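Below: one structure, written as structure tokens.
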Amino acid sequence: MRRARIYHPDLDHREAMLSDDESHHARDVLRLRPGDEVELFDGARRIAEGRVIAASREGVCVQIGAIQTVSARRPPRLSLAVCPPKGDRQQLLVEKCTELGIEAITPLTCVRSVVVPGPSLLNRWRRWAIEACKQCGRADLPRIDSPTAFADLIRHRSPSPTLAIADAGGHDPGVFDKLAGCGSDDILLMIGPEGGWADEEMTAARAAGIPAVALAEDTLRIETAAIAAAAVFAARRVQERSLQRPPPRSDGSHG
Numbered sequence: 032m033r034r035a036r037i038y039h040p041d042l043d044h045r046e047a048m049l050s051d052d053e054s055h056h057a058r059d060v061l062r063l064r065p066g067d068e069v070e071l072f073d074g075a076r077r078i079a080e081g082r083v084i085a086a087s088r089e090g091v092c093v094q095i096g097a098i099q100t101v102s103a104r105r106p107p108r109l110s111l112a113v114c115p116p117k118g119d120r121q122q123l124l125v126e127k128c129t130e131l132g133i134e135a136i137t138p139l140t141c142v143r144s145v146v147v148p149g150p151s152l153l154n155r156w157r158r159w160a161i162e163a164c165k166q167c168g169r170a171d172l173p174r175i176d177s178p179t180a181f182a183d184l185i186r187h188r189s190p191s192p193t194l195a196i197a198d199a200g201g202h203d204p205g206v207f208d209k210l211a212g213c214g215s216d217d218i219l220l221m222i223g224p225e226g227g228w229a230d231e232e233m234t235a236a237r238a239a240g241i242p243a244v245a246l247a248e249d250t251l252r253i254e255t256a257a258i259a260a261a262a263v264f265a266a267r268r269v270q271e272r273s274l275q276r277p278p279p280r281s282d283g284s285h286g
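Here the sequence shown stands for residues 32 to 286, numbered as in the working numbering.
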């Protein structure tokens, strides 16, 4: 049976007093009691063996054991700059993209944006990402950036990551394969609002030489586009990794 996973950002002490949120989840949802074994992760690729030593209304305390560091994800890595959808669809987007290994999510503000997250909403995004990491076994938290305007992202972009824009009329449907197979370049994919990109935004993207990516034959909702992009990229990474593995060694026997 897999041990319960608990997020704690500081693993550098012998004991960890969990935050109120984590204590509630450990004590009231998971029903952990003293003596139960858990796995702690700090969101920065370190995981530790743990054992509950106290669980009361004052909080949950865990003894920290052996710590190991998980290897960093090899490039290319995918980040998303997304115009946030309305309501509960934001949670679906953050959770599923976290499970699929997204490096970072940047809320994007555009001409037709309807949601501009403030600090409290961004904190909820981070909480959703933590919960998704618990579920899927991920050791590193995706970065949740501050909102960025489309024009600023275009204007101040650097050579890395490679920038692409999702558009139903993308002229190069295979560009995702090309970008995913480029070896060392990280990718930042922009996904627009429900009303679509404004004409001036597409004009600016074309003028900057940013490739357009068609993710499906039909128009996708924001969260669907984000999840589809993350899934395509994650599948490609798994395929590339399997191709790089050496073939199994033969023992010389014949069937």
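Where is the CB? At the ideal position from N, CA and C, for every residue including glycine. Given the structure is predicted, the values throughout are model-derived calculations rather than measurements.
**Asked** Quick one: Cα of residue 70 to Cα of residue 239, how far?
**Response** What you label residue 70 is simply residue 39 of the sequence shown in a count that begins at 1. What you label residue 239 is simply residue 208 of the sequence shown in a count that begins at 1. In this structure, the straight-line span from the alpha carbon of residue 70 to that of residue 239 is close to 46 Å.
**Residue of 216, 242, 199 and 218 minimising C-alpha distance to residue 225** = Against the sequence shown, residue 225 aligns to sequence position 194. Of the listed residues, the one whose Cα sits closest to residue 225 is 199.
**Request:** May I have the straight-line CA-CA distance separating residue 48 from residue 133, to the nearest angstrom?
**Result:** By 1-based counting over the sequence shown, the position of residue 48 is 17. By 1-based counting over the sequence shown, the position of residue 133 is 102. If you take the alpha carbons of residue 48 and residue 133, they lie about 29 Å apart.
**Request:** Indicate the three-state DSSP secondary structure (helix, strand or coil) for residue 177 in the structure shown.
**Result:** As a position in the sequence shown, residue 177 is number 146, starting the count at 1. In the structure shown, residue 177 adopts coil according to DSSP, grouped into three states.
**Message:** Distance check for residue 241 and residue 55, CA to CA, integer angstroms please.
**Reply:** Against the sequence shown, residue 55 aligns to sequence position 24. Against the sequence shown, residue 241 aligns to sequence position 210. Roughly 46 Å separates the two Cα atoms.
**Prompt:** Using DSSP with H/G/I as helix, E/B as strand and the rest coil, what is residue 146?
**Reply:** One-based indexing of the sequence shown puts residue 146 at position 115. Correct three-state label for residue 146: coil.
**Request:** Examine the Cβ distances between the segment 113-128 and the segment 152-162 and report whether three or more of them are shorter than 8 Å.
**Result:** Contact holds: three or more Cβ-Cβ distances are below 8 Å.
**Message:** Buried or exposed for residue 46, going by 16 or more other Cβ atoms inside 10 Å?
**Reply:** Walking along the sequence shown from the start, residue 46 turns up at place 15. It counts as exposed.
**Prompt:** Who are the near neighbours of residue 284 in its chain, counting only those whose CB is closer than 8 Å to its CB and skipping five residues on each side?
**Reply:** Within the sequence shown, residue 284 is the residue found at index 253, counting from 1. Only weak support is given to the placement of residue 284: the predicted model assigns it a pLDDT of 44, under 50, and the question is left unresolved by the model.
**Request:** Using the Cα positions of residue 148 and residue 219, report the straight-line distance between them to the nearest angstrom.
**Result:** For the purposes of this step, residue 148 is taken as the residue at position 117 of the sequence shown. For the purposes of this step, residue 219 is taken as the residue at position 188 of the sequence shown. Across the structure, residue 148 and residue 219 are spaced so that their CA atoms are roughly 20 Å apart.
**Item:** C-alpha gap between residue 287 and residue 111, whole angstroms
**Value:** The first residue shown for the chain is 32 and the last is 286, placing residue 287 beyond what the model contains.
**Item:** Reduced DSSP secondary structure (H/G/I, E/B, other) of residue 87
**Value:** In the sequence shown, residue 87 corresponds to position 56, counting from 1. Here residue 87 sits in strand by DSSP.
**Asked** Taking the alpha-carbon positions, what's the residue 104 to residue 172 distance?
**Response** Sequence index remark: in the sequence shown, residue 104 carries index 73 (1-based). Sequence index remark: in the sequence shown, residue 172 carries index 141 (1-based). Near 12 Å, if we compare the C-alpha coordinates of residue 172 and residue 104.
**Message:** Are the CB atoms of residue 184 and residue 139 within a distance shorter than 8 Å?
**Reply:** Here residue 139 is taken as the residue at index 108 of the sequence shown, counted from 1. Here residue 184 is taken as the residue at index 153 of the sequence shown, counted from 1. Their beta carbons are under 8 Å apart, which means residue 139 touches residue 184 by this criterion.
**Message:** Taking a contact to mean a Cβ-Cβ separation below 8 Å, would you say residue 106 touches residue 217 in this structure?
**Reply:** Within the sequence shown, numbered from 1, the residue matching residue 106 stands at position 75. Within the sequence shown, numbered from 1, the residue matching residue 217 stands at position 186. Going by C-beta atoms, residue 106 is nearer than 8 Å to residue 217.
**Prompt:** CA-CA distance, residue 75 and residue 187?
**Reply:** Taking the sequence shown and counting its residues from 1, one reaches residue 75 at position 44. Taking the sequence shown and counting its residues from 1, one reaches residue 187 at position 156. Straight-line Cα distance between these residues: approximately 27 Å.
**Prompt:** If you run the structure through DSSP and keep just helix, strand and coil, what is residue 77?
**Reply:** By one-based count along the sequence shown, residue 77 stands at place 46. It is a strand residue.
**From 168, 144, 174 and 166, residue whose alpha carbon lies closest to that of residue 154** = For the purposes of this step, residue 154 is taken as residue 123 along the sequence shown, with counting starting at 1. The candidate whose alpha carbon is nearest that of residue 154 is 174.
**Request:** Over the uninterrupted alpha helix (DSSP H) stretch that includes residue 130, give me the two end residues.
**Result:** As a working note, residue 130 is residue 99 in the sequence shown. Counting along the chain, residue 130 sits inside the alpha helix (DSSP H) bounded by residues 120-130.
**Request:** Could you check the C-alpha separation between residue 81 and residue 137 for me, to the nearest Å?
**Result:** Counting from 1 along the sequence shown, the entry for residue 81 is found at position 50. Counting from 1 along the sequence shown, the entry for residue 137 is found at position 106. Cα to Cα, residue 81 sits roughly 33 Å from residue 137.
**Reference residue 178, options 60, 34, 114 and 90, closest by Cα** = For the purposes of this step, residue 178 is taken as the residue at position 147 of the sequence shown. If we check each option's Cα against that of residue 178, 114 comes out closest.
**Message:** Taking the beta strand (DSSP E) that residue 140 belongs to, which residues open and close that run?
**Reply:** What you label residue 140 is simply residue 109 of the sequence shown in a count that begins at 1. Note, residue 140: beta strand (DSSP E), 135-140.
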